[in-house]
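Peer 1: Residue numbers (this note's numbering), protein chains in the order written: chain P, 1 to 349; chain D, 350 to 698. Glycine is no exception: its CB is placed at the ideal position from the N, C-alpha and C atoms.
2 protein chains.
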Amino acid sequence: MRKRATIYDIAQEAGVSTATVTRVIKQDPRVKAATREKVQRAIDANAYAPSVTAQNLERGSAKVLAVVLPEMSNLYFSRIYNAAYWEADANGYSLRLFQTRENQPISREMVSELIRCRIDGVLFAGNIWSSDRRDLNDALERLKNYMPVAAICPPGVDLDCIRIHSDLVSCVRLPVRHLHTLGHRHIAFIGGSMQTKDASKRKYNFLEQLRLLDLPDDPAYHIEAGYDMEGGERATMRLLSSLERGRWPSAMVTFNDLIALGAMKALKKMGLHLPDDMAVIGCDNQFFCPYTDPPLTSIDLHPEEMAQSAVRELLLAQESSSQSFSMIRDATLIVRESCGAALGYRKME
Amino acid sequence: MRKRATIYDIAQEAGVSTATVTRVIKQDPRVKAATREKVQRAIDANAYAPSVTAQNLERGSAKVLAVVLPEMSNLYFSRIYNAAYWEADANGYSLRLFQTRENQPISREMVSELIRCRIDGVLFAGNIWSSDRRDLNDALERLKNYMPVAAICPPGVDLDCIRIHSDLVSCVRLPVRHLHTLGHRHIAFIGGSMQTKDASKRKYNFLEQLRLLDLPDDPAYHIEAGYDMEGGERATMRLLSSLERGRWPSAMVTFNDLIALGAMKALKKMGLHLPDDMAVIGCDNQFFCPYTDPPLTSIDLHPEEMAQSAVRELLLAQESSSQSFSMIRDATLIVRESCGAALGYRKME
DNA sequence: GCGATAAATGTTACCGATTACATACTCGAC
DNA sequence: GTCGAGTATGTAATCGGTAACATTTATCGC
Numbered sequence: 001m002r003k004r005a006t007i008y009d010i011a012q013e014a015g016v017s018t019a020t021v022t023r024v025i026k027q028d029p030r031v032k033a034a035t036r037e038k039v040q041r042a043i044d045a046n047a048y049a050p051s052v053t054a055q056n057l058e059r060g061s062a063k064v065l066a067v068v069l070p071e072m073s074n075l076y077f078s079r080i081y082n083a084a085y086w087e088a089d090a091n092g093y094s095l096r097l098f099q100t101r102e103n104q105p106i107s108r109e110m111v112s113e114l115i116r117c118r119i120d121g122v123l124f125a126g127n128i129w130s131s132d133r134r135d136l137n138d139a140l141e142r143l144k145n146y147m148p149v150a151a152i153c154p155p156g157v158d159l160d161c162i163r164i165h166s167d168l169v170s171c172v173r174l175p176v177r178h179l180h181t182l183g184h185r186h187i188a189f190i191g192g193s194m195q196t197k198d199a200s201k202r203k204y205n206f207l208e209q210l211r212l213l214d215l216p217d218d219p220a221y222h223i224e225a226g227y228d229m230e231g232g233e234r235a236t237m238r239l240l241s242s243l244e245r246g247r248w249p250s251a252m253v254t255f256n257d258l259i260a261l262g263a264m265k266a267l268k269k270m271g272l273h274l275p276d277d278m279a280v281i282g283c284d285n286q287f288f289c290p291y292t293d294p295p296l297t298s299i300d301l302h303p304e305e306m307a308q309s310a311v312r313e314l315l316l317a318q319e320s321s322s323q324s325f326s327m328i329r330d331a332t333l334i335v336r337e338s339c340g341a342a343l344g345y346r347k348m349e
Numbered sequence: 350m351r352k353r354a355t356i357y358d359i360a361q362e363a364g365v366s367t368a369t370v371t372r373v374i375k376q377d378p379r380v381k382a383a384t385r386e387k388v389q390r391a392i393d394a395n396a397y398a399p400s401v402t403a404q405n406l407e408r409g410s411a412k413v414l415a416v417v418l419p420e421m422s423n424l425y426f427s428r429i430y431n432a433a434y435w436e437a438d439a440n441g442y443s444l445r446l447f448q449t450r451e452n453q454p455i456s457r458e459m460v461s462e463l464i465r466c467r468i469d470g471v472l473f474a475g476n477i478w479s480s481d482r483r484d485l486n487d488a489l490e491r492l493k494n495y496m497p498v499a500a501i502c503p504p505g506v507d508l509d510c511i512r513i514h515s516d517l518v519s520c521v522r523l524p525v526r527h528l529h530t531l532g533h534r535h536i537a538f539i540g541g542s543m544q545t546k547d548a549s550k551r552k553y554n555f556l557e558q559l560r561l562l563d564l565p566d567d568p569a570y571h572i573e574a575g576y577d578m579e580g581g582e583r584a585t586m587r588l589l590s591s592l593e594r595g596r597w598p599s600a601m602v603t604f605n606d607l608i609a610l611g612a613m614k615a616l617k618k619m620g621l622h623l624p625d626d627m628a629v630i631g632c633d634n635q636f637f638c639p640y641t642d643p644p645l646t647s648i649d650l651h652p653e654e655m656a657q658s659a660v661r662e663l664l665l666a667q668e669s670s671s672q673s674f675s676m677i678r679d680a681t682l683i684v685r686e687s688c689g690a691a692l693g694y695r696k697m698e
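The structure is reproduced here in structure tokens:
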């Protein structure tokens, strides 16, 4: 490895002081043209580039934001990461990704690490709201001493930080109303683990919607599921096998597209034809939705925009010191064919 | 924001020198128990944590590796990232992700950034081998002055750095032989852009396999495609519409699972039934493969293991200064139902 | 109780930049 | 020729740690 030239080397070679070298680099106008050239030559000759580390130390900040996410098996999180990355980039910040091991929420060590690294702001997303209330609050309070904290979280999570809420009302209301419009009356909800705030909120909203639309609510129709395809498959099998054929729902709202994918597989295995025998709606509008069979109607929560807002607010909070901000981004229904709507299909009972 | 305590504050509060504070933190055994306690109390009282930036400056390295990837729309890359992340983590390094904007290969600025940040090693993966030879080599040479460089790349890319090759022979040989065993004789290849090394290599290997197995080679059977589902869908439509029905192939090998997904959609749209009318094989063994309809037979290139090896070699190269290493990780065929094999199906012509 | 050795702690230069302040140089006016 | 204003450049403290070396204190043999 080549030894890196320091500012001292350059200063010496150009026969000036380090201050002058800095001035040349910073394009300070009050250096004589002749000097500037001398210095520039030395810089070029040695391919000199100032050490970011040293600059960071001097500046007292590394201009880094952090985002804490569960391992990115789910594309929903890469969308958040990507959006945050470019937004940070556009503001001269870099973004460090901290991953939590599966279902492990923020650990004590991670909090320490964030503080030790002089992170300038941190964004949390994903399944950390389920962790013990006290632990979470402690972690948050500790962090907030040193950096602005933002979270993409379900509404109602009353964390004392910048909060960007996904719209858990519309993300259930939209599919239910859509199905209702199509004539469905027996609608099931395949949710995540009711331990998590997100899932239990959605279930609550789901029941609310049924009531508002005067739809029957069969307790057998809401069922927990792991957050992936296998979870969806199992839950669906459980749902169908627990009921006699006549009492099966005619439509399913799922917690996310992965679960929907698993559900679709289970339904086909049971010999059902989609969307005629069963309508399915996913959530997250993942890239594969147009390519499932039939193409999956889904909900877009706009994770990119949420991440972008979060980063912007983090940067703003650096100066303003006000760390209370809360916004809610509404969801959008993306209609495809898994409910038959696009086919002009209408359920009759 | 709270003012952070420095080592001087702690030293003062505990009535010792900074050296002693460092010793306590580093668990140096030659501090008296009484002193240790005094210091520890001061540390705890101020929630003191040494500044990573200052440590980095002193150490002359930030213990960071970097991985340069195209934006992670493709799960293949998140798998590489994840594996690299944990491997780095296990060795006390952190991992910074640098993303290239779509199809833009490594830019001059990114190289500068990597150098300025005193990155301790960099791993490249993805579609950068297509970029101009000279530019790429220049970038590599520049980087190699300052850090070990590794690349996950197709075999035959004769970059002068640590090379982890995916097995582009088996990743075509396996599916072709599999299809051949099942009785297929008319096999098409839906590849990526022939501009890229990866895709052209595979096509070459594909033709080689046909020859070895004495299978007919119809030029209409190899066709370019964008790297995503839309690309696969379009390419498939093009393939089928360019031939009269009687000359259609009975099986398709695709560049990746996304393309396969698109192809499957196109095939269904044409009224073909899988796997009876057409067998399809993907590549990458992505998470959704078991959940396509029918479940997609695919090739696993083991990106995790490649990333792991790459990180290990990067860390090794730091001392040994030998930067020539090359290994090839073979591929594995994952048989599902999209070729009918699992159903005991056999093609007869 | 003294010197020799070991144990505990302190002093200070250094890592590589930035910047407030000090100094030197230039030029025109008188 | 000298003074002052402005311009160009240099000096040195600073950021927050680390560690080689120096110094002080404790321990032990005789």
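Identify which residue in D44(P), P105(P), D228(P) and S94(P) has its Cα closest to the Cα of C283(P).
Peer 2: Here the question's residue 283(P) lines up with position 283 in the first sequence. Distances from the CA of C283(P) to each of D44(P), P105(P), D228(P) and S94(P) were compared; the closest alpha carbon is that of D228(P).
Peer 1: Helix, strand or coil: which one does DSSP assign to C153(P)?
Peer 2: What you label residue 153(P) is simply residue 153 of the first sequence in a count that begins at 1. C153(P) falls in the strand class under three-state DSSP.
Peer 1: Taking a Cβ distance cut-off of 8 Å, strictly less, list which residues of the segment 380 to 411 of chain D are near chain P, in chain order.
Peer 2: A396, A398, P399, S400, V401, T402, A403, N405, L406 and A411
Peer 1: What are the residues in the segment 457 to 476 of chain D lying within 8 Å of chain P by C-beta distance?
Peer 2: S461, I464, R465, C466 and R467
Peer 1: Within 8 Å of any Cβ in chain P, is that where the Cβ of F637(D) sits?
Peer 2: As a position in the second sequence, residue 637(D) is number 288, starting the count at 1. It does: the Cβ of F637(D) has a partner Cβ on chain P nearer than 8 Å.
Peer 1: Can you pull the chain P neighbours of D642(D), defined as C-beta to C-beta under 7 Å?
Peer 2: Taking the second sequence and counting its residues from 1, the one referred to as residue 642(D) is at position 293. Per Cβ cutoff of 7 Å: K268 and D293.
Peer 1: For a quick check, are the C-beta atoms of F447(D) and A415(D) less than 8 Å apart?
Peer 2: In the second sequence, the residue the question calls residue 447(D) occupies position 98. In the second sequence, the residue the question calls residue 415(D) occupies position 66. Contact: yes.
Peer 1: Sorted by chain position, which residues of the same chain lie with C-beta nearer than 7 Å to S366(D)'s C-beta, five sequence neighbours on each side aside?
Peer 2: As a working note, residue 366(D) is residue 17 in the second sequence. Excluding sequence neighbours, S366(D) sits near A360.
Peer 1: Give me whichever residues DSSP pairs with F206(P) in a beta bridge.
Peer 2: Residue mapping note: residue 206(P) aligns to position 206 of the first sequence, counting from 1. According to DSSP, F206(P) bridges with nothing at all.
Peer 1: For K552(D), which residues from the same chain have a beta carbon less than 8 Å from its beta carbon, with the 5 sequence-adjacent residues on both sides left out?
Peer 2: On the second sequence, position 203 is the one that residue 552(D) refers to. Around K552(D): F538, G540, M543 and H571.
Peer 1: Are the Cβ atoms of A279(P) and S338(P) separated by less than 8 Å?
Peer 2: Within the first sequence, the letter at position 279 stands for residue 279(P). Within the first sequence, the letter at position 338 stands for residue 338(P). Going by C-beta atoms, A279(P) is nearer than 8 Å to S338(P).
Peer 1: Decide if P29(P) is buried, meaning its Cβ has at least 16 other Cβ atoms within 10 Å, or exposed.
Peer 2: The sequence position of residue 29(P) within the first sequence is 29, counting from 1. Per the 10 Å Cβ criterion, exposed.
Peer 1: Within this structure, are the beta carbons of L69(P) and F287(P) separated by less than 8 Å?
Peer 2: Looking up residue 69(P) in the first sequence gives position 69. Looking up residue 287(P) in the first sequence gives position 287. The answer is no: Cβ separation not under 8 Å.
Peer 1: R336(P) and L272(P) - do their beta-carbons sit closer together than 8 Å?
Peer 2: Your numbering for residue 272(P) matches position 272 in the first sequence. Your numbering for residue 336(P) matches position 336 in the first sequence. No, they are not a contact pair.
Peer 1: Would N205(P) count as contacting chain D if we go by Cβ distances under 8 Å?
Peer 2: For the purposes of this step, residue 205(P) is taken as the residue at position 205 of the first sequence. For N205(P), the answer is no, since every Cβ of chain D falls outside 8 Å of its Cβ.
Peer 1: What first and last residue would you give for the beta strand (DSSP E) that runs through M601(D)?
Peer 2: Within the second sequence, residue 601(D) is the residue found at index 252, counting from 1. Where M601(D) is concerned, the enclosing beta strand (DSSP E) stretches over A600 to T603.
Peer 1: Compute the beta-carbon to beta-carbon distance between R596(D) and P565(D), rounded to the nearest angstrom, for a pair I have assumed lies under 8 Å.
Peer 2: In the second sequence, the residue the question calls residue 596(D) occupies position 247. In the second sequence, the residue the question calls residue 565(D) occupies position 216. Actually they do not touch by this definition, with Cβ atoms about 11 Å apart.
Peer 1: Three Cβ pairs or more, each shorter than 8 Å: is that satisfied between the segment 142 to 149 of chain P and the segment 158 to 169 of chain P?
Peer 2: Because the criterion of three Cβ pairs below 8 Å is met, the segment 142 to 149 of chain P and the segment 158 to 169 of chain P touch.
Peer 1: I190(P) by DSSP, collapsed to three states: which one?
Peer 2: Within the first sequence, residue 190(P) is the residue found at index 190, counting from 1. Of the three classes helix, strand and coil, the one that applies to I190(P) here is strand, per DSSP.
Peer 1: With burial defined as no fewer than 16 other Cβ atoms inside 10 Å of the residue's Cβ, what is the status of L212(P): buried or exposed?
Peer 2: Mapped onto the first sequence, residue 212(P) falls at position 212. Flag for L212(P) reads exposed.
Peer 1: Figure out for me which residue from C520(D), L559(D), S515(D) and H514(D) has the closest Cα to the Cα of I536(D).
Peer 2: In the second sequence, the residue the question calls residue 536(D) occupies position 187. When each option's Cα is compared against that of I536(D), the closest is L559(D).
Peer 1: Please tell me whether V24(P) and V39(P) are closer than 8 Å, where the distance is taken between their beta carbons.
Peer 2: The residue given as residue 24(P) occupies position 24 in the first sequence. The residue given as residue 39(P) occupies position 39 in the first sequence. Annotated as proximal: V24(P) and V39(P), with beta-carbon spacing under 8 Å.
Peer 1: Locate the beta strand (DSSP E) running through L682(D), then write down its first and last residues.
Peer 2: Taking the second sequence and counting its residues from 1, the one referred to as residue 682(D) is at position 333. Per DSSP, L682(D) belongs to the beta strand (DSSP E) from T681 to I683.
Peer 1: How is L531(D) classed by DSSP in three states: helix, strand or coil?
Peer 2: The residue given as residue 531(D) occupies position 182 in the second sequence. Coil.
Peer 1: With a 10 Å radius around its C-beta and 16 neighbouring C-beta atoms as the bar for buried, classify K26(P) as buried or exposed.
Peer 2: In the first sequence, the residue the question calls residue 26(P) occupies position 26. With fewer than 16 Cβ atoms within 10 Å of its Cβ, K26(P) is classed as exposed.
Peer 1: Could you pull out every residue in the same chain whose Cβ sits closer than 7 Å to the Cβ of A88(P), ignoring the five residues on either side in sequence?
Peer 2: Here the question's residue 88(P) lines up with position 88 in the first sequence. Only L65, S94, L95 and V311 meet the Cβ criterion.
Peer 1: Does the Cβ-Cβ distance between A354(D) and N395(D) come in under 8 Å?
Peer 2: Your numbering for residue 354(D) matches position 5 in the second sequence. Your numbering for residue 395(D) matches position 46 in the second sequence. In contact: A354(D) and N395(D) (Cβ atoms closer than 8 Å).
Peer 1: Along the chain, which unbroken stretches of the alpha helix (DSSP H) at least 4 residues long are found entirely within the segment 54 to 119 of chain P?
Peer 2: 75 to 90 and 108 to 116
Peer 1: Going along the chain, which residues of its own chain have a beta-carbon closer than 6 Å to the beta-carbon of H165(P), five neighbours each way excluded?
Peer 2: The residue labelled residue 165(P) in the question sits at position 165 within the first sequence. Closer than 6 Å at Cβ, skipping near neighbours: P155 and I328.
Peer 1: Could you check how far apart the C-beta atoms of S647(D) and I683(D) are, in whole angstroms? I think they sit under 8 Å.
Peer 2: What you label residue 647(D) is simply residue 298 of the second sequence in a count that begins at 1. What you label residue 683(D) is simply residue 334 of the second sequence in a count that begins at 1. With a Cβ gap of about 5 Å, S647(D) and I683(D) count as contacting.
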